[in-house]
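Take the sequence shown: its position 98, counting from 1, is numbered 100 in our numbering, and each next residue is one higher. Where is the CB? At the ideal position from N, CA and C, for every residue including glycine. Take a look at the structure set out below.
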Amino acid sequence: MTDFTMQKDADGVAIITWDVPGKSMNVLSRDAFATVEALLDDALSDDAVKGIVITSGKKDFAGGMDLNVLATIRDQAGDDPARALFDFTMEGHRILRKLERAGADPKTNKGGKPVACAIPGLAAGIGTEIALACHHRVMAEGKGRIGLPEIMVGLFPGGGGTTRYSRMVGAMAAAPVLLEGKMLDPARAKSAGLIDAVVPANDLMQAAKDWVLNAGPADIVKPWDQKGWKMPGGAPYHPAGFMTFVGASAMVNGQTQGVFPAARALLSAIYEGALVPFDTALKIEARWFTSVLMDPTSTAMIRSLFINKQALEKGANRPDAPDQSVRRLGVLGAGMMGAGIAYVAANAGIDVVLLDQDQDAADRGRAHSESLLDKGIQRKKVTPEKKAQVMGRITATTDYEALKGCDLIVEAVFEDIGVKAQVTKAVDAVTDADCIFATNTSTLPIGELAKASKDAGNFIGIHFFSPVDKMLLVEIIKGEATGDRAVAKALDFVRQIRKTPIVVNDARFFYANRCIIPYINEGVRMVKEGVEPALIENAAKLLGFPLGPLQLVDETSIDLGVKIAKATRAGMGDAYPDAEVDEVLFWLADQGRLGRKAGAGFYTYDDKGKRGLLWDGLEGQYPVAGDQPDLTRVQHRLMMAQVLEAVRAFEQGVLEDIREGDVGAVLGWGFAPWSGGPFGWLDMIGPARAVAICETLEREYGARFAAPDLLRRIADDGTIFYGRFGGGAAARAA
Ligand code: NAD
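Right, here's the structure in full:
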């Protein structure tokens, strides 16, 4: 059985069907292109074949390239991996170019056979690139989406998609698909010029065949293969093209701060490619693609954002337990978090009982779903029927009896141990013995909260991030007594709501907040020292963090920072290390500058809540020192503050799997995505260099920067984290 098969029908159409055996989604394997070429040669040389339709034997067309293939080619290529990757890419170009020319005479452009692509559902990456090489693309109405999302994992479309699509619609129009990785539904894809026709699903094959049988000579020669072709929107030296490229270059650098090489390489491939004939442009694309593949950041991003993210979503660390999919969910507390949790669950088809202390609060929580769905309708992403279905699944109540029959409860009431204990007991009185109880606490120990429960084995933490509907990560926290079924339940629930889980053990601030807080604190501490606030914020931005530490604390609110600081100080006593940080935060809180919600914090905000400049009043209290540290020093402090905490979490067993540490960091708080996460970054700079940086920082700023033993051991051994622990929790135990 091969991934592609061909059948010639009585009308003279050869149908090439992509149907990878044993998989639910087509992905392109290393050898599949050779099969495609053999089938193509057969169809092109057979006089009875008038044209070709490429389609899929599955519900979708293709998910893209198997990214493990690229990693394998690089790893097995000996001392010239770049050559191996370039050759592989060029081989793909050669075959897709053969498909595109379809036997036409290179001089006269005559004699080619039409090739259509019939796309039954999702098409992404190389799947879309194969479709783009065809002469005509037709998609089934309302089924799946199509696009080139490579940029999202640190690559760019390197199978000809960049060169073809930018030449089809022009650099400017291609930007949302190429630079932002937007996936489009069939109707949008048609207006964006990615496909040519949308037809009812039942007519898909017939429509493709009809096109093939009726195509004229002009339909099967791509514009760039015709004399006098000009790039839509203007090539770089055309006045309009010049403006486009200047603008695009500024935009890409502004948005990526120069730390995502793929975006820049993509733009270079389009720019340089636009100046030369098509085949040379493909070669340029292949060179830039190789350069991106050889960049350590692409390895790191593919590993965290694709391979490991998927592994975690598929249950890499799920205990062996029968399916625990949630049927009926109880959410306690219909505030900001509870309302968001109710929405994502109902949206995933789960019946939800949303309970609060009074009916108004419960109704307000339910109305949150309504407003999100209304926004979706405005943007044409949600239909009124879908809204009615989702709203129909949410019952807002104050009555605990309504929780009967729930198999999972997520508690999101006030962050108060007494209130949480009270609701836990009230729930236990009405639910079945096997109902799992989860708390969404950010700061309270799971083991402590579990004491109120009738069965600590069924008690677990499921920690969402705000805003719940947008944030991709969910942190699952095992208390000491938490049983396997509770973990499986939490993981199955997270799978149902299509988020990415990490599973950690119970310790102060769990994993994500444990790392974010030192990042914020290091930024605030620098303010106290007299470091220019703009330097602090820009240093973070230039590392690829979405928010600088001062902006982050404004967003999460300064009074929350004060609250956490007071609780932590009470918990740690004399060992509490952050008095200098508190001085700044407490002072701001005293000034009423509580962050964005108060319209004043480290930043200023206008009447509409739009963020302005850093507040100049800060300097009156914390004067900026004449002597400023260099950028790298500030960046090392901001990075190490988080990264060392991640290493300690792993060393102490809070984190059991470095893959979770990395995926959690990138998805949870936007940790420099190009690095793949804290462990990816340490491997990238090398553990020995990391230790040297720690030694300098420890000398100048104190013991919080002391290299953890584990980091020293890895540096001494000359190994790296992924070399030692990349195989998951089992590798850690070994
Ligand atoms: P919130 O104040 O917006 O909502 C809490 C809700 O719980 C309110 O509607 C309140 O009426 C209700 N409530 C209080 N006592 C109750 C009781 N006895 N019975 C029923 N309902 C009761 O708070 P929030 O921001 O949604 O946070 C809720 C929980 O989630 C807290 O434990 C918090 O630490 C945690 N959390 C918050 C965030 C965040 O960013 N806000 C993030 C992760 C976790």
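As the crow flies, the alpha-carbon of ALA452 is around 15 Å from that of ILE478.
It is roughly 15 Å from the alpha-carbon of ALA627 to the alpha-carbon of LEU633.
The C-beta of PRO324 has fewer than 16 other C-beta atoms within 10 Å across all chains shown, which makes the residue exposed. Under the three-state reduction of DSSP output, ARG510 falls in the coil class, being neither helix nor strand. With a 10 Å radius around the Cβ and a threshold of 16 neighbouring Cβ atoms, MET245 comes out exposed. Only residues of its own chain outside the window of five on either side were considered, and among them VAL333, LEU334, GLY335, GLY337, MET339, GLY340, ILE343 and ASN442 have a CB closer than 7 Å to the CB of ALA414, listed in chain order. For MET174, the enclosing alpha helix (DSSP H) has its first and last residue at 173-180. With respect to the C-alpha of GLU372, the residue from ASP362, GLY394, GLY351 and ASP358 having the closest C-alpha is GLY394.
With fewer than 16 other Cβ atoms inside 10 Å of its own Cβ, SER468 counts as exposed. Rounded to whole angstroms, the separation of the alpha carbons of PRO321 and ILE504 is 13 Å.
At least one heavy atom of the ligand NAD sits closer than 6 Å to the Cβ of GLU417. Assignment of ILE75 by DSSP, reduced to helix, strand and coil, places it in the helix class. If you check the CB distance, ILE462 and ALA440 come in under 7 Å. Annotated as distal: THR4 and THR57, with beta-carbon spacing of 7 Å or more. In the DSSP assignment, HIS138 falls outside any alpha helix (DSSP H) and within the unbroken beta strand (DSSP E) covering 138-142.
A direct Cα-to-Cα measurement between ILE464 and ALA492 gives close to 7 Å. In the structure shown, PHE158 falls within a coil segment according to DSSP collapsed to helix, strand and coil. Taking the C-beta atoms as reference points, GLY663 is found nearer than 7 Å to PHE681.
Three or more Cβ pairs closer than 8 Å define a contact, and the stretch 495-511 falls short of that threshold against the stretch 522-534. Residue burial is scored here from C-beta neighbours: MET574 has fewer than 16 other C-beta atoms within 10 angstroms and is therefore classed as exposed. Non-local C-beta neighbours of PRO625 in its own chain, meaning closer than 8 Å and more than five positions away in sequence, comprise GLY532, ordered along the chain. Closer than 6 Å to some heavy atom of the ligand NAD: that does not describe the Cβ of SER193. When Cβ pairs closer than 8 Å are counted between the two stretches, the stretch 225-237 is seen not to touch the stretch 197-208, the count staying below three. Shortest Cα-Cα distance from ALA50 to any of ALA674, LYS10 and LEU713 involves LYS10. Around VAL71, the same chain offers ARG32 as residues with beta carbons nearer than 6 Å, after the five sequence neighbours per side are excluded. For ARG635, no beta strand (DSSP E) encloses it; the enclosing alpha helix (DSSP H) starts and ends at 633-653.
When DSSP assignments are scanned along the stretch 555-615, the uninterrupted stretches of alpha helix (DSSP H) that are 4 or more residues long and fall wholly within it turn out to be 560-574 and 581-592. Only residues of its own chain outside the window of five on either side were considered, and among them THR400 have a CB closer than 6 Å to the CB of GLN361, listed in chain order. Closer than 6 Å to some heavy atom of the ligand NAD: that describes the Cβ of THR443. Going by beta carbons, ALA250 and GLY156 fall outside the 7 Å limit. For ASP711, there are no CB contacts under 6 Å within the same chain when 5 residues up- and downstream are skipped. Setting aside the 5 residues that flank it on each side, PRO83 is surrounded in the same chain by ILE75, ARG76, ASP77 and MET296, each with a C-beta closer than 8 Å to its C-beta; the list follows chain order. By the 16-neighbour rule on beta-carbons within 10 angstroms, SER455 is buried. Taking all protein chains shown into account, THR484 has 16 or more neighbouring C-beta atoms within 10 Å of its C-beta and is therefore buried.
Ranking VAL179, HIS138, CYS136 and ILE132 by CA distance to the CA of ILE153 puts VAL179 first.
In this structure ARG598 touches ASP556 by the C-beta definition: roughly 5 Å separates them, less than 8 Å.
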